[in-house]
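Have a look at the structure below, then the notes.
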Amino acid sequence: MSAAPLRWGILGTGGIAKKFVEGLQQVADRCPVVAVGSRSLDSARTFAATVAGCRAHGSYQALLDDPTVDVVYVALLNHQHAEWCIRAAQAGKHVLCEKPAAMTAVELEGVLAAARAAGTFFMEGFLYRCHPRWAKLREILASGVIGEVRLLHAVFCFDGSAVRRLQERALGGGALMDVGCYPLSWLRWIAGSEPVATTCLAQLNADGVDLVTSATLRFANGILGTLHTSFVAHRHITAMIEGSRGRIDITEPWRSTPNESAFIITTAAGSETFPTADDGLNTYAREALTVAAHVADRQAPVMTWGDSLGQARTMDALRHQVGVWWDGER
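Going by our numbering, 209 is the number at position 209 of the sequence shown; the sequence numbering is gapless.
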């Protein structure tokens with residue numbers, strides 16, 4: 001007997017919400033989108049018109065009050081994430097929240113406490129982790145082909161200088177919060193432990209958010225990691241694992257797009273490329289299916305509550321080193 005469909009409600013009508021819903025159309029039988037909530041009813045109606053059977057709500061709370069919604073995708077601005085994750089849990093809804101799930105570790109602790117009290121599922125949306133290519137990478141590392149892992153490098157730079165939300169501290173802006181969280185989450189994941197020492201430098205704008213950030217991390221197991229991120233630079237998105245006997249270059253590490261992303265292994269014997277297999281499934285669809293598979297467990301192995309908390313604590317440490325503080329944080 002197959003499980004009942006997990007019915008999705010979407011909080012927000014921005015670009016990331018549209019991409020998520022487009023992906024879910026591939027798995028609409030298991031993860032139907034049944035409602036969308038926006039501060040503007042017109043915006044919600046326009047969004048809902050693109051999805052069969054989707055109702056429009058003119059407020060975020062109205063969506064949480066909709067009894068047909070099982071799980072909420074929080075696709076709001078960074079500074080709104082924690083509040084609406086908590087409200088969703090209090091309304092008895094499971095939650096998938098776009099990264100970063102909170103502005104600070106303290107905020108995230110509140111989110112997790114709400115989910116724990118309500119007995120609801122929660123996952124922070126680092127969708128790249130839901131792709132099976134990373135299980136393949138772990139097989140490669142376990143094979144010992146590049147020896148012991150010594151160094152990790154991760155870069156996420158792009159030109160978002162015209163995007164207002166990235167520029168403003170009140171909106172949770174900055175390179176680290178917007179895209180730097182991807183390489184940081186990857187470094188922590190591949191290292192398999194939390195950093196015990198960090199050094200961070202940044203270039204800030206007049207409002208006090210980082211335009212460019214560079215960090216070095218030392219993990220508990222001795223592995224070193226470097227992170228570079230910016231939203232005022234030419235597009236450069238890559239990752240590398242350096243071992244005692246070789247290295248692995250990873251193209252498009254957070255997109256997992258066939259024909260664009262691959263693992264390139266280089267050793268003394270030469271180079272070998274492992275392209276990402278194309279099974280036709282959208283990565284957002286994989287993310288929704290991950291939630292559906294683990295909703296009864298309240299958290300998913302690819303991004304546990306403890307993992308999110310470790311991420312938030314490291315983000316706090318890096319921000320504070322370069323002088324980025326949110327209102328009321330100190």
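From the three backbone atoms N, C-alpha and C, an ideal C-beta is built for every residue, glycine too. Computed from a predicted model, the values in this text were never measured in an experiment.
Among the options, which residue has its Cα nearest to the Cα of residue i?
| i | options | result |
| --- | --- | --- |
| Thr-68 | Leu-6, Ala-117, Ala-288 | Leu-6 |
| Cys-157 | Ala-117, Ala-175, Ala-44, Val-74 | Ala-175 |
| Arg-218 | Thr-199, Thr-104, Met-303 | Thr-199 |
| Gly-173 | Asn-205, Val-145, Gly-280 | Asn-205 |
| Thr-273 | Val-36, Gly-14, Thr-283, Ile-250 | Ile-250 |
| Ala-115 | Gly-14, Gly-310, Val-295, His-320 | Val-295 |
| Ala-88 | His-79, Gln-26, Arg-235, Val-111 | Val-111 |
| Lys-93 | Tyr-60, Phe-47, Ala-105 | Tyr-60 |
| Ala-4 | Val-27, Ala-268, Ala-17, Gly-14 | Val-27 |
| Asp-279 | His-131, Trp-305, Met-240 | His-131 |
| Thr-229 | Gly-243, Thr-213, Ala-293 | Thr-213 |
| Val-322 | Asp-210, Ala-269, Leu-151 | Asp-210 |
Identify whether residue i lies in helix, strand or coil by the three-state DSSP scheme.
| i | result |
| --- | --- |
| Cys-157 | strand |
| Glu-124 | strand |
| Phe-47 | helix |
| Asp-207 | coil |
| Ala-135 | helix |
| Leu-6 | coil |
| Phe-20 | helix |
| Val-33 | strand |
| Arg-330 | coil |
| Arg-169 | helix |
Taking the straight line between their C-alpha atoms, what separation do you get for residue i and residue j?
| i | j | result |
| --- | --- | --- |
| Val-95 | Asp-29 | 19 Å |
| Leu-77 | Cys-97 | 11 Å |
| Val-72 | Ala-135 | 27 Å |
| Asp-178 | Glu-107 | 17 Å |
| Ile-360 | Leu-187 | Nothing about residue 360 can be read from this structure; the chain reaches only from 1 to 330. |
| Gly-328 | Met-103 | 11 Å |
| Phe-121 | Ala-202 | 35 Å |
| Arg-313 | Ala-82 | 15 Å |
| Gly-58 | Leu-137 | 44 Å |
| Gly-37 | Gly-306 | 29 Å |
| Pro-309 | Thr-50 | For clarity, residue 309 is Leu in the given sequence; the question names Pro instead. Answer to the nearest angstrom: the Cα atoms are 36 Å apart. |
| Thr-257 | Thr-276 | 7 Å |
| Arg-164 | His-79 | 14 Å |
| Cys-181 | Arg-45 | 32 Å |
| Glu-124 | Met-303 | 7 Å |
| Ile-237 | Pro-183 | 9 Å |
| Glu-168 | Asp-207 | 6 Å |
If we count the other Cβ atoms within 10 Å of its Cβ and call it buried at 16 or more, is residue i buried or exposed?
| i | result |
| --- | --- |
| Glu-148 | exposed |
| Leu-318 | buried |
**Prompt:** Could you give the uninterrupted runs of the beta strand (DSSP E) lying entirely in the region 236-323, keeping only those of 3 residues or more?
**Reply:** 246-251, 262-267, 270-275
**Item:** Completely contained alpha helix (DSSP H) runs for the region 42-95, where each covers 4 or more residues
**Value:** 60-64, 81-90
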